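Q:
Numbering (our numbering), first residue to last: 845 to 974.
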């Protein structure tokens with residue numbers, strides 16, 4: 845972003861305001877010459893913005909590299925999730941259950957939510973004895 849701000853400032857010094865579409869359209873539609881004091885204000889504002897940018901977005905601390913280093917590990921977590929899904933699929937689609945539609949079974953097997961079986965049983969009506 846700092847490079848972009850510097851580019852905009854340099855282009856403004858050259859009277860090139862293409863990067864500011866509304867201002868550029870106004871300048872093109874106007875028959876008057878663009879005032880130098882307005883141009884100076886824009887250049888000064890871009891310079892101040894460039895200097896104050898680091899206040900809002902400081903240079904990352906080198907001690908926090910562990911956050912950046914997690915990105916390569918995300919590949920393996922995706923592979924793990926894929927293998928977990930495939931293992932659940934193979935377990936469910938054995939030779940005795942190969943005609944089942946396993947979509948809902950897989951959803952339960954791959955879910956991170958543990959069902960509360962006792963609560964579910966209490967909510968169901970028991971079969972009456974004959």
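Note that the Cβ used here is the ideal one computed from N, Cα and C, for glycine as well.
Just so it is clear, the structure is predicted and the values come from calculations on it, not from any experiment.
Are there three or more Cβ pairs, one per stretch, closer than 8 angstroms when the region 856-866 is compared with the region 879-894?
A: yes
Q: Between residue 853 and residue 891, how many whole angstroms is the CB-CB distance? I'm expecting something under 8 angstroms.
A: Position 9 of the chain shown, counted from the start, is the residue given in the question as residue 853. Position 47 of the chain shown, counted from the start, is the residue given in the question as residue 891. Going by Cβ atoms, the distance from residue 853 to residue 891 rounds to 6 angstroms, so yes, they are a contact pair.
Q: Would you report the Cα separation of residue 933 and residue 957, rounded to the nearest angstrom?
A: To locate residue 933, count along the chain shown from 1; it is residue 89. To locate residue 957, count along the chain shown from 1; it is residue 113. Cα-Cα distance, rounded: 18 angstroms.
Q: In angstroms, rounded to a whole number, what distance separates the CA positions of residue 967 and residue 898?
A: Position 123 of the chain shown, counting from 1, holds the residue named residue 967. Position 54 of the chain shown, counting from 1, holds the residue named residue 898. Taking the straight line joining both Cα atoms gives about 58 angstroms.
Q: How big is the Cα-Cα spacing for residue 851 and residue 872?
A: Your numbering for residue 851 matches position 7 in the chain shown. Your numbering for residue 872 matches position 28 in the chain shown. Looking at the two C-alpha atoms, the distance is approximately 21 angstroms.
Q: Which of helix, strand or coil does DSSP assign to residue 865?
A: As a position in the chain shown, residue 865 is number 21, starting the count at 1. Correct three-state label for residue 865: helix.
Q: Return the chain-ordered list of same chain residues with a C-beta closer than 8 angstroms to the C-beta of residue 845, the five sequence neighbours on each side being excluded.
A: Stepping through the chain shown from its first residue, residue 845 is reached at position 1. Apart from sequence neighbours up to five positions away, the residues of its chain that approach residue 845 with a beta-carbon distance below 8 angstroms are 897 and 901, ordered along the chain.
Q: What's the C-alpha gap between residue 965 and residue 972?
A: To locate residue 965, count along the chain shown from 1; it is residue 121. To locate residue 972, count along the chain shown from 1; it is residue 128. Taking the straight line from one Cα to the other gives about 15 angstroms.
Q: Suppose contacts are defined by Cβ-Cβ distances below 8 angstroms. Is residue 950 in contact with residue 936 by that definition?
A: By one-based count along the chain shown, residue 950 stands at place 106. By one-based count along the chain shown, residue 936 stands at place 92. Yes; because the gap between Cβ atoms is below 8 angstroms, this pair is in contact.
Q: Excluding the 5 residues preceding and the 5 following residue 929 in the sequence, name in chain order all residues of the same chain whose CB lies nearer than 6 angstroms to its CB.
A: Numbered from 1 along the chain shown, position 85 holds the residue referred to as residue 929. Here the set comprises 954.
Q: Measuring only the C-alpha atoms, how far is residue 849 from residue 865?
A: Here the question's residue 849 lines up with position 5 in the chain shown. Here the question's residue 865 lines up with position 21 in the chain shown. The straight-line gap from Cα to Cα measures roughly 15 angstroms.
Q: Enumerate in chain order the residues of its own chain whose CB-to-CB distance from residue 878 is below 6 angstroms, with the five nearest sequence positions on each side excluded.
A: Sequence index remark: in the chain shown, residue 878 carries index 34 (1-based). Closer than 6 angstroms at Cβ, skipping near neighbours: 871.
Q: Among 948, 961, 857 and 847, which has the Cα closest to the Cα of residue 894?
A: Here the question's residue 894 lines up with position 50 in the chain shown. Between residue 894 and the set 948, 961, 857 and 847, the nearest pair of CA atoms involves 847.
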